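Engineer: Take the sequence shown: its letter number 40 is residue 59 in this note's numbering, and every next letter is one higher. Cβ atoms here follow ideal geometry from the backbone N, Cα and C, with glycine treated the same way. These numbers were taken from a predicted model, which means no experiment stands behind them.
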Amino acid sequence: MVKAVLVGCGAMSKAWLEAARQIDDVAIAGLVDLEVGRAETRAKEFGLDGIAIGSDLEAVLASARPDVVFDVVVPGARRDVALMAFRHGCHLLTEKPLADSRDNARAIIAAAERAKRIHAVVQNRRYLANVRRIRRFLDSGAIGAPTSIHCDFFIAPHFGGFREDMDHVLLLDMAIHTFDAARYMVDGDPQGVYCREWEPANSWYRQGSSAAAIAPAATPSTSDTIRRIRLIAFVCTVHTQAFRSFYA
Numbered sequence: 020m021v022k023a024v025l026v027g028c029g030a031m032s033k034a035w036l037e038a039a040r041q042i043d044d045v046a047i048a049g050l051v052d053l054e055v056g057r058a059e060t061r062a063k064e065f066g067l068d069g070i071a072i073g074s075d076l077e078a079v080l081a082s083a084r085p086d087v088v089f090d091v092v093v094p095g096a097r098r099d100v101a102l103m104a105f106r107h108g109c110h111l112l113t114e115k116p117l118a119d120s121r122d123n124a125r126a127i128i129a130a131a132e133r134a135k136r137i138h139a140v141v142q143n144r145r146y147l148a149n150v151r152r153i154r155r156f157l158d159s160g161a162i163g164a165p166t167s168i169h170c171d172f173f174i175a176p177h178f179g180g181f182r183e184d185m186d187h188v189l190l191l192d193m194a195i196h197t198f199d200a201a202r203y204m205v206d207g208d209p210q211g212v213y214c215r216e217w218e219p220a221n222s223w224y225r226q227g228s229s230a231a232a233i234a235p236a237a238t239p240s241t242s243d244t245i246r247r248i249r250l251i252a253f254v255c256t257v258h259t260q261a262f263r264s265f266y267a
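1. Alpha carbons only, please: which of 79, 84, 114 is nearest the one belonging to residue 96?
2. Tell me which same chain residues have a C-beta within less than 6 Å of the C-beta of residue 139, skipping the five on either side of it?
3. Starting from the C-beta of residue 187, find all residues in its chain whose C-beta is less than 6 Å away, skip the five residues before and the five after it, and write them out in chain order.
4. Here's the rule I'm using: 16 or more other beta-carbon atoms within 10 Å means buried, otherwise exposed. How should residue 61 be labelled?
5. How would you write the range of the alpha helix (DSSP H) that residue 113 sits in, first residue to last?
6. So, helix, strand or coil for residue 177, using DSSP?
7. In whole angstroms, what separates the C-alpha of residue 250 from that of residue 85?
8. State the start and end residues of the unbroken alpha helix (DSSP H) segment that holds residue 51.
9. Express the C-alpha separation of residue 103 and residue 134 in angstroms, rounding to a whole number.
10. Measuring only the C-alpha atoms, how far is residue 153 from residue 168?
11. When you compare only the Cα positions, how much space is there between residue 44 and residue 59?
12. Can you give me the start and stop residues for the alpha helix (DSSP H) that residue 95 sits inside?
13. Would DSSP call residue 223 helix, strand or coil?
14. Pop quiz: residue 205 and residue 165 are said to be a contact at Cβ under 8 Å. What is the actual Cβ separation, rounded to whole angstroms?
15. According to DSSP, simplified to helix, strand and coil, what is residue 82?
16. Measure the Cβ-Cβ separation of residue 101 and residue 22 and say whether it is below 9 Å.
17. When burial is assigned at 16 or more other CB atoms within 10 Å of the CB, is residue 182 buried or exposed?
18. Tell me where the beta strand (DSSP E) around residue 200 begins and ends.
19. With distances taken from CA atoms, which of 220, 129, 24 is nearest residue 118?
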């Protein structure tokens with residue numbers, strides 16, 4: 020049985036706890052939140068009796084002695100949670116993004132390597148059925164090698180909470196799904212990026228709800244191909260909307 024402590028009992032924690040409940044060999048051993056009442060509410064909602072609950076992550080880790088930490092905190096708190104988990108010898112499964120800055124991302128990766136523990140970031144969009152269909156379609160060679168990917172991402176959600184006050188909200192919290200789907204579709208990783216972000220005059224977000232980015236990427240077959248969701252090959256274009264369907 021794998022024992023887990025979940026940190027961050029906000030809205031996303033419900034999906035995590037629901038998923039954990041469906042895995043027979045995972046047991047939630049503790050819940051942590053800055054507002055203990057929220058953790059207690061989640062414990063009651065999911066029938067988690069007798070587990071460790073508190074606002075102090077280190078104390079809960081010492082009490083519950085978990086194998087893995089589920090990190091569902093806001094991006095700005097991710098580094099502290101990750102380093103604490105690794106100090107206690109735990110594996111870490113975390114919400115996206117990996118971190119809120121490049122320096123913090125590197126610190127987390129280095130800590131995982133020193134601790135010799137698994138560190139994984141949840142990216143569920145690449146597992147959507149239609150995203151995987153597009154990948155299979157491209158792998159079939161039906162339209163030849165893609166030369167670029169174009170994505171138009173227009174939504175106007177009122178999330179409330181931390182997102183409306185965070186820096187780089189589009190790049191860190193929302194567009195990251197699209198970036199990862201693009202990586203999966205073409206089986207390549209960005210080698211660099213040019214990006215300009217701005218805040219529209221009528222926006223209710225504090226900073227960074229609009230952006231334009233261009234990223235060259237290397238793939239196993241073509242190390243110098245520019246890949247910028249619309250996938251363009253020499254003879255055909257593939258379109259998808261909200262990853263629900265696609266046509267060529």
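Structural biologist: For this structure:
1. Along the sequence shown, read from residue 1 onward, the residue named residue 96 stands at position 77. Looking at the Cα atoms, 114 is the closest of the given residues.
2. Here the question's residue 139 lines up with position 120 in the sequence shown. 112.
3. As a working note, residue 187 is residue 168 in the sequence shown. Counting only Cβ-Cβ distances below 6 Å, and skipping sequence neighbours, we find 227.
4. Stepping through the sequence shown from its first residue, residue 61 is reached at position 42. With 16 or more other Cβ atoms within 10 Å, it is buried.
5. Position 94 of the sequence shown, counted from the start, is the residue given in the question as residue 113. Segment 110-113 is the beta strand (DSSP E) holding residue 113; no alpha helix (DSSP H) there.
6. If you number the sequence shown from 1, residue 177 lands on position 158. Coil, per DSSP.
7. Walking along the sequence shown from the start, residue 250 turns up at place 231. Walking along the sequence shown from the start, residue 85 turns up at place 66. Bear in mind that the predicted position of residue 250 carries a pLDDT of just 49, short of 50, making it too unreliable to give a figure here.
8. In the sequence shown, the residue the question calls residue 51 occupies position 32. Where residue 51 is concerned, there is no enclosing alpha helix (DSSP H), although the beta strand (DSSP E) it sits in stretches over 45-51.
9. For the purposes of this step, residue 134 is taken as residue 115 along the sequence shown, with counting starting at 1. For the purposes of this step, residue 103 is taken as residue 84 along the sequence shown, with counting starting at 1. Those two C-alpha atoms are separated by around 11 Å.
10. Indexing the sequence shown from 1 puts residue 153 at position 134. Indexing the sequence shown from 1 puts residue 168 at position 149. Taking the straight line joining both Cα atoms gives about 12 Å.
11. What you label residue 44 is simply residue 25 of the sequence shown in a count that begins at 1. What you label residue 59 is simply residue 40 of the sequence shown in a count that begins at 1. Roughly 23 Å separates the two Cα atoms.
12. Residue mapping note: residue 95 aligns to position 76 of the sequence shown, counting from 1. No alpha helix (DSSP H) contains residue 95, which DSSP labels as neither H nor E.
13. Indexing the sequence shown from 1 puts residue 223 at position 204. In the structure shown, residue 223 sits in coil (DSSP, three-state: anything other than H, G, I, E or B).
14. Position 186 of the sequence shown holds residue 205. Position 146 of the sequence shown holds residue 165. Indeed, because the Cβ distance is near 6 Å, the residues count as touching under 8 Å.
15. In the sequence shown, counting from the first residue as 1, residue 82 sits at position 63. Note: residue 82 maps to helix in three-state DSSP.
16. Reading the sequence shown from its first residue, position 82 is the one you call residue 101. Reading the sequence shown from its first residue, position 3 is the one you call residue 22. Going by C-beta atoms, residue 101 is not nearer than 9 Å to residue 22.
17. Walking along the sequence shown from the start, residue 182 turns up at place 163. By the 10 Å Cβ count, residue 182 comes out buried.
18. Mapped onto the sequence shown, residue 200 falls at position 181. No beta strand (DSSP E) contains residue 200, which is instead part of the alpha helix (DSSP H) from 194-205.
19. Counting from 1 along the sequence shown, the entry for residue 118 is found at position 99. Out of 220, 129, 24, 129 has the C-alpha closest to the C-alpha of residue 118.
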